[in-house]
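Working notes, beginning with the structure itself.
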Amino acid sequence: MELTGAQALIKSLEMQQVEVMFGLPGGAILPVYDPIIDSSIRHILVRHEQGAGHMAEGYAQVTDRPGVAMVTSGPGATNVVTPLADAYMDSIPLVVVTGQVATTSIGTDAFQESDITGITMGITKHNWLITDGADIPRVVAEAFHVATTGRPGPVLIDIPKDVAVKPMEWYWPEPSDLDLPGYHPVTEGDPELVRQAAELLLAAERPVLYAGGGILRARAAEALRELAERTGIPVVTTLMARGCFPDSHPLCLGMPGMHGNYTAVTAMQRSDLLIALGSRFDDRVTGRVDAFAPEAKVIHVDIDPAEHNKVRRADVAIAGDCRLVIEELLSALDGLGLPHSTTTRGGSGGAPSEAAVGAPAAAGSAAAAYPRERLIPWRAQLGEWQQRFPLVYDQQPGAGALKPQFVLEALRDATPDDTIVASGVGQHQMFASQWWQFDHPYTWVNSGGLGTMGFAVPAAIGAKVGRPDKTVWAVDGDGCFQMTAQELVTASSERIPVKIAILNNAYLGMVRQWQEMFYEERYSEVYLSPDLPDYVGWAESMGCVGIRVESTEEVAPAIDKANNIDDRPVVIDFRTDAFEKVFPMVASGASNDDIVVDPSLTGGVH
1 MELTGAQALI
11 KSLEMQQVEV
21 MFGLPGGAIL
31 PVYDPIIDSS
41 IRHILVRHEQ
51 GAGHMAEGYA
61 QVTDRPGVAM
71 VTSGPGATNV
81 VTPLADAYMD
91 SIPLVVVTGQ
101 VATTSIGTDA
111 FQESDITGIT
121 MGITKHNWLI
131 TDGADIPRVV
141 AEAFHVATTG
151 RPGPVLIDIP
161 KDVAVKPMEW
171 YWPEPSDLDL
181 PGYHPVTEGD
191 PELVRQAAEL
201 LLAAERPVLY
211 AGGGILRARA
221 AEALRELAER
231 TGIPVVTTLM
241 ARGCFPDSHP
251 LCLGMPGMHG
261 NYTAVTAMQR
271 SDLLIALGSR
281 FDDRVTGRVD
291 AFAPEAKVIH
301 VDIDPAEHNK
311 VRRADVAIAG
321 DCRLVIEELL
331 SALDGLGLPH
341 STTTRGGSGG
351 APSEAAVGAP
361 AAAGSAAAAY
371 PRERLIPWRA
381 QLGEWQQRFP
391 LVYDQQPGAG
401 ALKPQFVLEA
411 LRDATPDDTI
421 VASGVGQHQM
431 FASQWWQFDH
441 PYTWVNSGGL
451 GTMGFAVPAA
461 IGAKVGRPDK
471 TVWAVDGDGC
481 FQMTAQELVT
491 ASSERIPVKI
501 AILNNAYLGM
511 VRQWQEMFYE
521 ERYSEVYLSP
531 DLPDYVGWAE
541 SMGCVGIRVE
551 STEEVAPAID
561 KANNIDDRPV
571 VIDFRTDAFE
581 KVFPMVASGA
591 SNDDIVVDPS
601 LTGGVH
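With the working numbering as the guide, the letters of the sequence shown map in order to residues 1 to 606.
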């Protein structure tokens with residue numbers, strides 16, 4: 001069967017079970033847009049190519065399927081660079097198709113030409129410039145394989161216009177036809193290293209399970225929970241891992257890091273063993289590296305061996321898929337005699353129940369010295385920290401400025417517990433991670449590693465497309481919202497009923513906080529104005545329902561109104577306290593031992 005390159009590309013995407021793609025046409029990619037008319041693939045027309053990439057990211061984060069975006073050459077391709085870099089940092093599987101000028105024009109500075117494969121070489125797992133239409137099916141199959149296996153990530157396919165219009169003979173490749181020399185991700189852990197990890201775990205007195213985004217990428221949430229409950233070891237969940245372990249679970253300590261809670265941060269600092277699972281010792285978690293967890297041995301499980309010993313030397317470094325390695329670790333614990341348990345109950349500071357303790361280990365086994373009672377002092381210490389240093393804020397009912405934390409608690413309590421929450425980047429992101437309760441995986445969508453402002457609105461749209469059955473709220477800041485709000489036109493025209501909560505403090509809030517604390521209150525270029533633009537008027541002009549909230553009494557009715565609207569997007573402009581700061585906080589370059597808590601607790605410093 002003879003097809004044009006464009007037809008072969010769309011058919012190849014159909015063969016990969018692509019149901020939706022996000023994109024914007026232009027000259028070089030125009031031949032590929034024509035066969036979309038006859039395709040089963042739903043195309044969502046964005047208003048800016050960056051929006052297409054972030055929508056694909058949001059879709060991928062909630063569906064366990066790669067997100068697909070398609071844009072034209074030159075500025076279309078360069079506009080999708082930020083989402084590619086974002087996905088690369090956060091290990092999000094994307095397949096991005098870009099148009100390119102004709103092969104005969106490459107290198108001549110032709111109209112809308114850019115070397116997008118060269119530009120994106122450092123921010124994609126791999127990219128392809130197709131010069132022969134016969135390669136299209138194989139390249140598409142390879143692209144999806146690379147994006148979704150091993151450590152997930154973005155890939156890019158660049159297709160010149162003349163390749164798209166020339167005929168080729170259709171075929172679909174067998175797995176053996178894929179040409180990926182050297183690409184052989186290791187998924188199963190080394191048995192000897194797994195045994196060593198199990199022995200370290202059984203010897204620890206102050207262990208912490210340090211769960212990162214790799215837990216979610218590996219679909220390892222259930223395995224993580226079993227490991228925690230078998231051992232009684234408490235769990236911290238990084239910003240990228242929120243929801244991988246239920247916040248309501250007694251072993252959950254919450255989020256560590258620069259704006260993590262005191263107990264999670266300090267538990268890592270005082271631990272004698274960190275079991276790092278799909279986490280990469282990010283600088284926002286470690287603080288000053290040479291002062292991080294000084295007494296802890298480290299077990300580091302990651303599918304990407306390049307992460308091992310990159311920041312912190314591991315005593316046991318295991319390359320492999322997190323879910324498979326955790327299952328192997330559980331089997332190793334069985335072999336060492338660790339008894340099974342039912343569920344761990346009681347608060348972090350209390351003794352585990354009899355069911356949680358389980359039957360005594362066999363005499364002489366490696367686990368005989370590991371009754372869960374050994375961790376009671378550690379969990380008691382954690383419980384004491386939780387009581388002494390909770391997350392706090394001061395909201396005066398009916399008076400004073402509206403606190404962002406109050407808004408988030410009201411929003412959290414008025415929505416289903418499996419609501420998907422997308423956030424931008426800044427104070428509102430930290431407040432959302434702190435004050436929302438994440439009890440389900442794949443319900444938190446945010447930009448972690450790259451910290452991309454403007455992420456929330458398009459990512460929320462992509463998440464809603466991927467999970468139309470779920471309520472989707474975006475928590476955004478006024479600075480972030482202004483960067484990508486035009487994508488609400490996309491949401492309105494496509495009938496995608498996302499809901500947006502703008503925490504409008506009239507500032508670039510996180511920058512202002514730093515300027516207040518570290519630059520002697522010299523507020524350089526951070527003021528945005530609460531009224532310019534008019535967010536309600538802007539929302540309504542984009543086909544959304546717009547609501548403004550200025551007092552505590554208005555919060556609940558506005559959220560209820562938004563929750564009851566399901567035929568169009570809703571934007572609520574919450575006018576929040578301009579000078580509320582995010583606590584706790586570890587200053588950049590400081591040790592986690594220098595964590596600053598809310599001044600109302602201890603005068604501000606640990």
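Note that the Cβ used here is the ideal one computed from N, Cα and C, for glycine as well. Given the structure is predicted, the values throughout are model-derived calculations rather than measurements.
Residue environment for Thr415: buried (at least 16 other C-beta atoms within 10 angstroms of its C-beta). The continuous alpha helix (DSSP H) containing Thr231 extends over residues 221-231. When only Cα atoms are considered, Ala6 and Pro160 end up about 10 Å apart.
Taking C-alpha positions only, Ala197 is separated from Val582 by approximately 36 Å. In the structure shown, the three-state DSSP call for Phe144 is helix. When His300, Asp162, Leu202 are compared, the shortest CA-CA separation from Ala211 is found for His300.
Where Pro160 is concerned, the enclosing beta strand (DSSP E) starts and stops at 154-160.
For Phe574, the enclosing beta strand (DSSP E) has its first and last residue at 570-575. Only exposed fits Glu14, as fewer than 16 other CB atoms lie within 10 angstroms of its CB. Distances from the alpha-carbon of Leu382 to those of Pro207, Ala432, Trp436 put Pro207 closest. In the DSSP annotation of this structure, the continuous segment of the alpha helix (DSSP H) that includes Met430 starts and ends at 427-435. Taking Ala578 as reference, the option from Asn504, Asn592, Tyr519 with the minimal CA-CA separation is Asn504. By the 16-neighbour rule on beta-carbons within 10 angstroms, Ala459 is buried. By the Cβ test, the region 230-240 is in contact with the region 255-263, since at least three Cβ pairs between them sit closer than 8 Å. Counting only runs of at least 3 residues, the region 532-575 fully encloses the following beta strand (DSSP E) elements, listed from N- to C-terminal order: 545-549, 570-575. Pairwise C-beta distances place the region 75-93 in contact with the region 39-51, as three or more of them are shorter than 8 Å. Taking a 10 Å sphere around the C-beta of Asp469, we find fewer than 16 other C-beta atoms and assign the residue as exposed.
Residues of the same chain with a CB within less than 6 Å of the CB of Gly426, apart from the 5 flanking positions on each side, are Gly477, Gly509, Met510 in chain order. Ala401 and Ile136 have their alpha carbons spaced roughly 58 Å apart. Take the alpha-carbon of Thr108 and the one of Gly118: they are about 15 Å apart. The shortest C-alpha to C-alpha distance from Glu113 to any of Ala85, Ser73, Ala141 is the one to Ser73.
According to the DSSP assignment, Lys297 belongs to the beta strand (DSSP E) that extends over 297-302. Annotation for Thr443: Gly243, Asp418, Thr419, Ile420, Val421 place their beta carbon closer than 7 Å to its own, counting only its chain and skipping 5 residues before and after. In this structure, Ala147 lies near Lys125, with their beta-carbon atoms less than 8 Å apart.
With a contact defined as Cβ atoms closer than 8 Å, Pro185 and Gly150 qualify at about 3 Å. In the DSSP assignment, no residue is bridged to Pro458. Counting the other CB atoms within 10 Å of its CB gives Asn592 a total of 16 or more, which places it among the buried residues. Counting the other CB atoms within 10 Å of its CB gives Lys403 a total of 16 or more, which places it among the buried residues. Here the region 530-543 lies against the region 476-490, with 3 or more beta-carbon pairs under 8 Å apart.
In this structure Asn127 is buried. Its beta-carbon is surrounded by 16 or more other beta-carbon atoms within 10 angstroms. In the pairwise beta carbon analysis, the region 164-181 is classified as not touching the region 311-322: fewer than three pairs are separated by under 8 Å. Under the rule that a run must span 4 or more residues, the alpha helix (DSSP H) segments found entirely inside the region 454-504 read 456-466, 478-484, 487-493. A distance below 8 Å between beta-carbons, with the five flanking residues on each side excluded, links Ile41 to the following residues of its chain, in chain order: Ile10, Leu13, Glu14, Val18, Glu19, Val20, Met21. In this chain, Ile123 is not harboured by any alpha helix (DSSP H), its DSSP state being neither H nor E. With contacts defined as CB atoms closer than 8 Å, Leu216 and Pro234 fail to qualify as a contacting pair.
Annotation: Gln396 is outside any alpha helix (DSSP H) and is labelled neither H nor E by DSSP.
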